[in-house]
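Visitor:
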Amino acid sequence: MSYCLNPTCRKPQNPNNARFCQTCGTRLLLDNRYRAIKLIGQGGFGRTFLAVDEASDRIINERAASAPCVIKQLFSRDRQISPEKAIALFHQEAMGLAQLGEHPQIPALFAHFEVDGTQYLIQEYIDGINLEEILAAEGTFNEFQVRDLLADLLPVVRFIHSFQLIHRDIKPENIIRPRGGGPLVLVDFGASKSATDTALARTGTVIGSAGYVAPEQAMGRAEFASDLYSLGVTCIHLMTGLHPFDLYSISEDRWVWSQYLPPATKGRISGRLRRVLDKLLQKPTNQRYRNATEVLLDLGLESKTGSLPGAAAAKPPDRQRNQSRSPQSGQSAVEEMHWRCLRSLTGHEGGVTALALSPGGRILVSGSGDKSIKFWSMETGRLLHTIPGRSLWGGTGHTERISSLAFSPDGETLASGSDDGTVKWWDLDTTQLIYTLPNHGWGISTLRFSPDGFSLVYGSRDGFVQMWDLETERIFRTFNQHQAQISDLQFDTDGRTLISSSYDKTICLWDARSAKLINCLTAHPDRISALALTPDRRLLISASWDKTVKLWDLEFATQRKVIAAHRKPVTCLAMHPSGQFFASGSEDSYIKLWDLETGDRLCSLRGFWGINAIGFSQDGNYLVSGSADGLVKVWQRLEK
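Mapped onto the numbering used here, the consecutive letters of the sequence shown carry residue numbers 732 to 1371.
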């Protein structure tokens, strides 16, 4: 359908290929290229249409022509604002968007022009639903969702403010969750305003949405802190489901939002988040946050020396339209790498302590301190099945924290190890228990299948490594050298050499067929927490509580490189299937990606709490992480 842009047209619907409106005769192709197909919004300043660009033979902006776009038509119905002021605001939005350039979480401006005395903006179309619609459909937000919201939007607000612009209309309706996944997108810059010193000194027109506007903005004196105030109001509205007017006590002259939290949420909001929201909502601007960075620091989403993944630089990276989009996650002089958090999986009641990806990459399994094992679809993020911990009422699960998970090479079975000292073997088709090894007496700390799938080797807290024959269901080899907990195990390609690491600060190389010790390296001055091998099995990577990562030449058993990787103990490692880079996770809540050849950092991804487990998918396009806050995150690599 082709929609007529004449505001007075009585029958604006027309055939797809019509050049002129069949009712009023108005030309349907705006600027001889943009065709409106549907009215999708209407307000005091104008109308918004879903549109297509038909100028395929003379593309000015290639990305504008490759996807649907939006036509914003100035059609002011607000009697409090003069036509001249409305036009000025429309121009202001266009100039603001043009000044911001391209940011993955801000709709791009394709064109701005006047036709027959009417102003038009052509913008990128964001296919998604706004947070107000999500609230109505899915219910109130919990702390994890609010923290994700702030982690997504605060860097965008910081980016906008770096151009001396104030959005002035942050609210749930102007925050879009793309249907294809990816971070939230901030839209509608029609109220944005320059924040130059002279502009701040003047009292201007009151712009914004009732209930979300900061007190100083209501008086026509918007500041950077005004956007942060509106963001805070947005959060408490989403957490309570009530309009902001209902969350403010006139008699007490203060926000009382915490009194209206749903019962299921009220006791699960951390003191840190409460303090941050209360400070965002302070009436005096001098008691409020001065900038977005201060909020990120207080939330623990950014360090004083590092930046949040997704925090935009002065000129963010280009992006591909009509795809899921994300701010850049990090960069290095060697190569820019772009990753986004595709989704966060919630459901564990304790920290996520173990992860495993099926050989085909379709199933993600997570284990937790809550004793449960959960199966997730990598494609959709849907929870497929849960094996609960064993309790007084029965069950076949573990009775203590899940410490390790591993898929068999054929992808048909899953092995799980636990602090309860048992190893369990699960059928993937039925998710039923096949067998439980007799209790070892000490907690199981790590386990791994041999490359041929006939054996399972596991390490325990007493320093022993034992190998289990899956056909005979018996222990047939014991590797005894370490003096403390085994932290990780690796096999070479043919399974002839087994490598073990321990809290005793050593790495041992074993003949897997005879359990004979080949070599023992004193590798770190503190506990060794994880190992990773390159695909060719020539380089070994070790991580330690000493905050470093080391690279070793396995042929000569010599150290090749030391990387000062994190500010807190390094807890986990994962090698990318390409063998070109690897990832490290730490208690400092960062995941960092490193160039294997140079040791340069390629990317930093930030979680909320300490990272306990990470892993790459078989195709290398996804990275999964599990953290102490109970979240499983799926990160997706974006093309440059």
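For glycine and all other residues, C-beta sits at the position ideal for the given N, C-alpha and C.
In terms of residues, what are the limits of the beta strand (DSSP E) holding S1232?
Guide: 1228–1233
Visitor: Per DSSP, what kind of secondary structure is Y1189 in: helix, strand or coil?
Guide: strand
Visitor: For G1120, which residues in the same chain have their Cβ closer than 6 Å to its Cβ, ignoring the five residues on either side in sequence?
Guide: K1102, S1103, G1128, H1129
Visitor: Mind checking who A1344 pairs with in its DSSP beta bridge?
Guide: G1357
Visitor: Taking 8 Å as the threshold, find out whether the stretch 1251–1268 comes into contact with the stretch 1223–1239 through three or more Cβ pairs.
Guide: yes
Visitor: Just curious, the alpha helix (DSSP H) that R889 is in, first and last residue?
Guide: Boundaries of the alpha helix (DSSP H) harbouring R889: 874–893, taken from the DSSP string.
Visitor: For S1152, count neighbouring C-beta atoms within 10 Å of its own C-beta (all shown protein chains included) and say buried if the count is 16 or more, exposed if not.
Guide: The sequence shown places Gly at residue 1152, not Ser. Buried, because 16 or more other Cβ atoms sit within 10 Å of the Cβ of G1152.
Visitor: DSSP three-state label for E1370, please.
Guide: E1370 falls in the coil class under three-state DSSP.
Visitor: My output table needs one value for A868: the three-state DSSP class, helix, strand or coil.
Guide: Helix.
Visitor: Applying the criterion that 16 or more other CB atoms from any shown protein chain within 10 Å of the CB defines a buried residue, is Q1197 buried or exposed?
Guide: Note on Q1197: 16 or more other CB atoms within 10 angstroms of its CB, so buried under the neighbour-count rule.
Visitor: Classify S961 as helix, strand or coil using the three-state DSSP reduction.
Guide: helix
Visitor: Between R810 and A1359, what straight-line distance do the alpha-carbon atoms span, to the nearest angstrom?
Guide: Per-residue confidence for R810 stands at a pLDDT of 48, beneath the threshold of 50, marking its modelled position as unreliable; the derived number appears in the next sentence. Approximately 54 Å between the Cα atoms of the pair.
Visitor: Could you tell me the alpha carbon to alpha carbon distance between A1085 and T1224, rounded to whole angstroms?
Guide: 23 Å
Visitor: Counting along the chain, where does the beta strand (DSSP E) carrying D1326 start and finish?
Guide: Run containing D1326: 1321–1326, per the beta strand (DSSP E) assignment.
Visitor: Can you tell me where the alpha helix (DSSP H) with R1006 in it begins and where it stops?
Guide: 1002–1011
Visitor: Please classify F872 as buried or exposed, where buried requires at least 16 other C-beta atoms within 10 Å of its C-beta.
Guide: buried
Visitor: Looking only at its own chain, which residues have a Cβ that is under 8 Å from the Cβ of R1074, when we skip the five neighbours before and after it?
Guide: G912, G1112, K1364, V1365
Visitor: Skipping 5 residues on each side, what residues in its chain have a beta carbon closer than 7 Å to that of S1276?
Guide: What sits at residue 1276 in the sequence shown is Trp, not Ser. D1257, R1258, S1260, P1300.
Visitor: For the alpha helix (DSSP H) that A949 lies in, which residues bound it at each end?
Guide: 946–949
Visitor: Whole angstroms is fine: what's the gap from Q1349's alpha carbon to P1308's?
Guide: 7 Å
Visitor: When you compare each of Q1221, S1089, M1306 to W1107 by their alpha carbons, which one comes out closest?
Guide: S1089
Visitor: If you draw a straight line from the C-alpha of K1010 to the C-alpha of D1326, how long is it?
Guide: 41 Å
Visitor: So what's H1307 in DSSP terms, helix, strand or just coil?
Guide: coil
Visitor: Note down, in chain order, each residue of its chain lying with its Cβ closer than 8 Å to the Cβ of F1185, except the 5 sequence neighbours on either side.
Guide: D1200, L1201, E1202
Visitor: Between which two residues does the beta strand (DSSP E) holding P909 run?
Guide: 906–909
Visitor: Under the three-state reduction of DSSP, which class applies to R808: helix, strand or coil?
Guide: Unreliable placement is indicated for R808, whose pLDDT of 49 sits below 50; no coordinate value is reported for it.
Visitor: So, with DSSP's three-state summary, where would you put E1025?
Guide: helix
Visitor: Distance cutoff 7 Å, beta carbons only. Does E1025 sit that close to anything in chain E?
Guide: In the structure shown, chain E does not exist; there is a single protein chain.
Visitor: How close, in whole Å, do the beta carbons of C800 and I857 come, if the pair is a contact with beta carbons under 8 Å?
Guide: Not quite, the Cβ-Cβ distance comes to about 11 Å (not below 8 Å), so this is no contact.
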